[in-house]
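Chain order of the listed sequences is Y and C.
Okay, so the first sequence: first residue is 1 according to the working numbering, each after it adds one.
Okay, so the second sequence: first residue is 430 according to the working numbering, each after it adds one.
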Amino acid sequence: MIYLDWASTSPPDASILAEAARMAGEFYGNPSSPHALGKSARAKLEEARSGLLGLLGPGAAKGRLVFTGSGSEADSLPLLALLRKASKDGTKPHIVASGIEHAAIHEELPVLARFGLSFTLVDPGAEGLLDPGAVAAALRPETEAVFVMAVNNETGAVQPLAEIARAVAARAASFGRRRPRLHADAVQALGKLPFEPAALGLDSAAFSAHKLRGPRGVGALWTARDFEPLLLGGGQEGGLRPGTESLQAAWGFMRAAALAAADLEERRRRALELEALLIEGLEGIGALPLPLGRRPGDPRYSPFILSVAFPGLSGEVLVRALATVSGAATTRGAATTRGAATARGAATARGAASLVGAQGTEGIAVSTGSACSANLRRKGRRVLEAMGLEPALALGSIRVSTGELSTQEEISTFLERAGDLRSRLGIRS
Amino acid sequence: MEDTTLYLVKVGEILLKLGNRQEFEGRLRTELKERLGEIPNAKVDYSPGRFFVTVPAARAADAEAILARTPGVNGFARTLRTEKTFAAVAKAAVAVAEREVAAGKGSFKVESRRSDKSFPLGSFELSRDLGAAILEACPGLHVDLHRPAFTVHAEIREKAFVFGDPEPGLRGLPVGSQGRGILLLSGGIDSPVAGYLMARRGLALDALYFHAFPYTSEEAHEKVKDLARVLAGFTGGLRLWTVPFTEVQLAIKRGAREDLTTLMMRAAFMEIASRLAARRHANCLVTGESLGQVASQTAPNLRFTQSTTDLPVLRPLIGMDKEETIATARRIGTYNISIRPYEDCCVIFSPKHPLLRAELQRERAAYEALALGPLLDQALEAVERMDIAFSERILGAK
Numbered sequence: 001m002i003y004l005d006w007a008s009t010s011p012p013d014a015s016i017l018a019e020a021a022r023m024a025g026e027f028y029g030n031p032s033s034p035h036a037l038g039k040s041a042r043a044k045l046e047e048a049r050s051g052l053l054g055l056l057g058p059g060a061a062k063g064r065l066v067f068t069g070s071g072s073e074a075d076s077l078p079l080l081a082l083l084r085k086a087s088k089d090g091t092k093p094h095i096v097a098s099g100i101e102h103a104a105i106h107e108e109l110p111v112l113a114r115f116g117l118s119f120t121l122v123d124p125g126a127e128g129l130l131d132p133g134a135v136a137a138a139l140r141p142e143t144e145a146v147f148v149m150a151v152n153n154e155t156g157a158v159q160p161l162a163e164i165a166r167a168v169a170a171r172a173a174s175f176g177r178r179r180p181r182l183h184a185d186a187v188q189a190l191g192k193l194p195f196e197p198a199a200l201g202l203d204s205a206a207f208s209a210h211k212l213r214g215p216r217g218v219g220a221l222w223t224a225r226d227f228e229p230l231l232l233g234g235g236q237e238g239g240l241r242p243g244t245e246s247l248q249a250a251w252g253f254m255r256a257a258a259l260a261a262a263d264l265e266e267r268r269r270r271a272l273e274l275e276a277l278l279i280e281g282l283e284g285i286g287a288l289p290l291p292l293g294r295r296p297g298d299p300r301y302s303p304f305i306l307s308v309a310f311p312g313l314s315g316e317v318l319v320r321a322l323a324t325v326s327g328a329a330t331t332r333g334a335a336t337t338r339g340a341a342t343a344r345g346a347a348t349a350r351g352a353a354s355l356v357g358a359q360g361t362e363g364i365a366v367s368t369g370s371a372c373s374a375n376l377r378r379k380g381r382r383v384l385e386a387m388g389l390e391p392a393l394a395l396g397s398i399r400v401s402t403g404e405l406s407t408q409e410e411i412s413t414f415l416e417r418a419g420d421l422r423s424r425l426g427i428r429s
Numbered sequence: 430m431e432d433t434t435l436y437l438v439k440v441g442e443i444l445l446k447l448g449n450r451q452e453f454e455g456r457l458r459t460e461l462k463e464r465l466g467e468i469p470n471a472k473v474d475y476s477p478g479r480f481f482v483t484v485p486a487a488r489a490a491d492a493e494a495i496l497a498r499t500p501g502v503n504g505f506a507r508t509l510r511t512e513k514t515f516a517a518v519a520k521a522a523v524a525v526a527e528r529e530v531a532a533g534k535g536s537f538k539v540e541s542r543r544s545d546k547s548f549p550l551g552s553f554e555l556s557r558d559l560g561a562a563i564l565e566a567c568p569g570l571h572v573d574l575h576r577p578a579f580t581v582h583a584e585i586r587e588k589a590f591v592f593g594d595p596e597p598g599l600r601g602l603p604v605g606s607q608g609r610g611i612l613l614l615s616g617g618i619d620s621p622v623a624g625y626l627m628a629r630r631g632l633a634l635d636a637l638y639f640h641a642f643p644y645t646s647e648e649a650h651e652k653v654k655d656l657a658r659v660l661a662g663f664t665g666g667l668r669l670w671t672v673p674f675t676e677v678q679l680a681i682k683r684g685a686r687e688d689l690t691t692l693m694m695r696a697a698f699m700e701i702a703s704r705l706a707a708r709r710h711a712n713c714l715v716t717g718e719s720l721g722q723v724a725s726q727t728a729p730n731l732r733f734t735q736s737t738t739d740l741p742v743l744r745p746l747i748g749m750d751k752e753e754t755i756a757t758a759r760r761i762g763t764y765n766i767s768i769r770p771y772e773d774c775c776v777i778f779s780p781k782h783p784l785l786r787a788e789l790q791r792e793r794a795a796y797e798a799l800a801l802g803p804l805l806d807q808a809l810e811a812v813e814r815m816d817i818a819f820s821e822r823i824l825g826a827k
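This is how it looks when you write it as structure tokens:
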């Protein structure tokens with residue numbers, strides 16, 4: 001299978017997983033234990049922590065790094081902490097968030113609202129970028145936190161965080177208040193572009209290991225400002241994230257991030273080449289890279305992520321057709337019908353495969369933000385719709401994302417198949 | 430010997446059709462034997478107007494699941510079989526009453542039938558004496574002949590049979606007594622309910638699904654298979670035919686006027702179903718259509734879409750309110766499958782302003798102009814067949 005879905009997850013680096021597992025086996029003590037085994041495990045855990053912290057730029061040391069179970073959890077820690085603020089001093093916090101945040105934040109906000117907190121969403125412009133002035137204008141005197149993702153996971157738009165930090169600070173000062181917490185979900189930024197949260201003026205940022213070929217089940221929160229966490233327990237991770245620490249997870253994350261950082265410039269260079277190939281190739285087959293008019297090499301977008309609309313096609317249908325390999329449907333049918341699939345069944349599957357031009361070809365993995373039905377409920381393509389893209393185009397879009405193992409041949413194959421499918425399956429509207 | 434549980438099975442409507450009674454009872458007997466045959470050592474015996482079903486006690490729940498889903502069964506009750514002496518019958522009657530009292534019921538009556546006239550007590554006397562025995566054993570109970578909380582039944586046949594209130598059956602007619610129909614099964618809420626209702630009227634069913642990969646997903650196909658599995662519990666097994674429909678759909682989309690696409694598609698559905706019916710010796714088609722529910726289901730549009738078949742198109746939901754259909758879907762266990770979010774991606778194919786009033790001759794001409802014949806042949810040639818055992822969803826132990 002040709003894998004062009006790196007923004008969803010990346011193929012893990014087996015040597016990193018093996019090394020992390022070995023560390024976990026060797027230093028198995030509980031890092032909180034006072035005996036020698038505990039102390040050695042603690043030392044390795046702190047080595048992983050400082051290693052990862054060291055990749056976040058010189059100013060990052062003024063904050064601390066907390067290992068979590070996922071990027072989503074790293075987003076949730078400061079967000080849910082606002083519930084405790086609410087209960088203490090009577091005034092309920094207000095939150096400002098971009099309209100294109102990851103679900104970890106976007107879905108949580110209405111829940112917080114049920115507990116009396118309020119929030120304001122700020123949508124980006126047609127180019128997928130937030131206007132710092134608009135973010136600042138959404139502030140109120142009681143605003144306690146601002147959430148803006150560093151790199152959008154659907155469009156690759158790199159948000160102007162430094163400008164947002166300054167604008168937010170100025171607006172807060174006009175209320176005679178200290179700047180509210182500015183948190184960035186940087187899951188699609190770490191290891192993909194130079195990212196220094198302290199230099200950007202952030203107060204906290206969330207990361208995830210599995211987007212960088214590290215293990216699943218581990219994220220990290222960098223925070224320069226303390227908060228009172230909602231979940232309490234054994235006091236681990238400076239009290240911010242209770243639960244016995246996983247050296248395996250922390251070590252795997254640190255190694256994956258270190259490898260990505262060491263190779264950052266080279267990976268970006270190759271990603272930019274693939275981006276150019278993709279954007280030009282897609283235009284050649286009548287597809288529309290998003291946001292409309294996006295050019296190769298534009299520093300406002302991550303070259304690793306590209307959404308593209310195919311007018312007259314549904315993104316979901318295209319994703320499904322691209323994923324089809326000759327014979328794949330047969331295997332699946334046989335498995336689910338308990339052997340009842342007959343020779344005729346296989347013929348159907350072959351028919352389907354030939355229809356989508358998949359005979360003897362590899363499947364290609366890309367993604368759509370949503371299922372068609374989810375679209376109808378305005379969920380899946382909310383990022384594109386928040387940018388004001390017309391629904392028909394949002395519905396017809398897919399996301400292609402590359403990573404360090406992606407090749408020009410893969411992009412060429414994708415373009416060829418996508419062009420072919422566009423003419424076979426496209427519906428004039 | 431293994432512990433067994435005995436059920437008395439009442440047959441309902443069958444008795445009204447005196448002319449066909451034998452055939453219908455034979456059909457029901459075959460159905461019961463076939464379905465209960467899934468349970469080792471299950472036995473089905475016939476006694477006029479009744480069936481007696483014996484299963485190993487450990488499989489009683491499975492037997493009840495089967496009896497509750499077999500059309501033609503009016504009701505069924507766990508039954509005690511005793512010698513034909515008053516003492517034995519009274520002991521059984523008290524046992525039945527004690528079970529009901531334990532369930533919190535306070536009033537009862539006794540109904541007796543005596544087909545063995547050699548039994549010394551008449552029906553009236555037997556009821557009266559059994560009532561007295563029950564009252565003596567369960568002092569908290571009282572008799573209420575008009576609105577009893579439960580009834581104890583005693584039947585004196587070749588043996589004596591004693592049972593409480595029967596569990597309701599599906600009623601209706603035994604599957605197959607009305608021949609076979611082709612059910613157009615989509616992943617929606619309506620068509621499985623339509624299939625269930627017609628199975629209850631004695632129709633054996635094949636289900637037909639139109640798969641438009643990649644416009645419809647494998648998940649949508651799986652959903653239809655799961656619906657078929659639930660239906661199979663009522664129909665006593667089901668054959669699901671999956672027709673690859675993509676080429677037809679594309680030909681319609683490219684060749685038909687936009688406001689006609691859905692109508693043309695449904696006309697093609699009917700034509701394919703009609704051809705499958707011929708192959709399967711089916712005598713009708715079944716759809717989940719309901720008058721006016723969507724644009725394609727107005728009377729003029731139904732007239733056009735059914736013009737590609739000369740078989741009767743049975744539409745049991747035609748006059749039903751959506752809420753009623755949903756209630757039935759919940760009851761038979763298809764609703765939660767139907768609402769899985771894999772509806773067809775027909776957004777692309779559905780016209781924005783579909784035609785509401787087809788004119789038969791004009792629309793027929795448009796359909797003919799599409800010349801779909803060869804594509805329909807191809808689609809039928811590539812049809813996929815899947816046989817679903819009736820027991821896939823209802824026997825817990827498997």
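Where a beta carbon is used, it is the ideal one built from N, C-alpha and C, also for glycine.
Closest option to E26/Y, judged by alpha-carbon separation, among A43/Y, L221/Y and S98/Y: A43/Y. Under the three-state reduction of DSSP, I611/C is assigned to strand. With a contact defined as Cβ atoms closer than 8 Å, V218/Y and F310/Y miss out at about 36 Å.
Any Cβ of chain C closer than 8 Å to the Cβ of V317/Y would place that residue at the interface, and such an atom is present. In this structure D131/Y does not touch S401/Y by the C-beta definition: roughly 26 Å separates them, more than the 8 Å allowed.
When the beta-carbon positions are compared, I364/Y and L322/Y come within less than 8 Å of each other.
K781/C is classed as exposed because its beta carbon has fewer than 16 other beta carbons within 10 Å across all chains shown. As summarised for the region 508-580 of chain C, the continuous alpha helix (DSSP H) elements at least 4 residues long and confined to that stretch are 515-531 and 552-566, given in chain order.
When rounded, the separation of the alpha-carbon atoms in E107/Y and R382/Y is 12 Å.
Contact with chain Y is absent for S544/C, since none of that chain's Cβ atoms lies less than 8 Å from the residue's Cβ. For A167/Y, there are no C-beta contacts with chain C under 7 Å, since the nearest C-beta of that chain is about 40 Å from it. Between the alpha carbons of A74/Y and R241/Y lies a gap of roughly 9 Å.
Distance from the CA of K462/C to the CA of F819/C, rounded to the nearest whole angstrom, comes to 13 Å. Look at the beta carbons and you see the region 408-420 of chain Y not touching the region 471-488 of chain C: under three pairs across the two are nearer than 8 Å. Beta-bridge pairing by DSSP links K472/C to T483/C. Within the same chain, and ignoring the five residues on either side of S646/C in sequence, the residues whose Cβ sits closer than 7 Å to its Cβ are Y771.
Residues of the region 624-648 of chain C with a C-beta less than 8 Å from any C-beta of chain Y: H640, F642, P643, Y644, S646 and E647, listed in chain order. Less than 8 Å separates the beta-carbon of V187/Y from that of G71/Y. Using a Cβ-Cβ distance cut-off of 8 Å, the region 591-598 of chain C and the region 621-631 of chain C are not in contact, since fewer than three pairs of beta carbons, one from each stretch, lie closer than that value. L202/Y sits away from L221/Y, with the two beta carbons spaced by 8 Å or more. The shortest C-alpha to C-alpha distance from G662/C to any of A486/C, V438/C and P500/C is the one to P500/C. In the three-state reduction of the DSSP assignment, M693/C falls in the helix class.
The DSSP-derived three-state label of T68/Y is strand.
Counted as a single uninterrupted DSSP element, the alpha helix (DSSP H) harbouring M627/C occupies residues D619 to R629. Under the three-state reduction of DSSP output, P673/C falls in the strand class.
At a Cβ-Cβ threshold of 8 Å, A808/C and F674/C count as neighbours. Ranked by Cα distance from G214/Y, the options L190/Y, V325/Y and G235/Y are led by L190/Y. Burial check for M1/Y: the Cβ neighbour count within 10 Å stays below 16, so the residue is exposed.
In this structure F553/C is exposed. Its beta-carbon is surrounded by fewer than 16 other beta-carbon atoms within 10 angstroms.
Within the same chain, D816, I817, A818 and F819 come within 8 Å of G666/C by CB-CB distance, once the 5 residues on both sides are set aside. For R320/Y, the C-beta contacts it makes with chain C under 7 Å involve P643 and S646, in order along the chain. Between R543/C and C567/C, the alpha-carbon positions lie close to 25 Å from each other. In this structure, the beta-carbon distance from E47/Y to P291/Y does not fall below 8 Å. Residue nearest to R793/C within the set E752/C, R629/C and R732/C is R732/C (criterion: CA-CA distance). At a C-beta separation below 9 Å, T324/Y has these neighbours in chain C: F642 and P643.
When the beta-carbon positions are compared, W251/Y and A36/Y stay at least 8 Å from each other.
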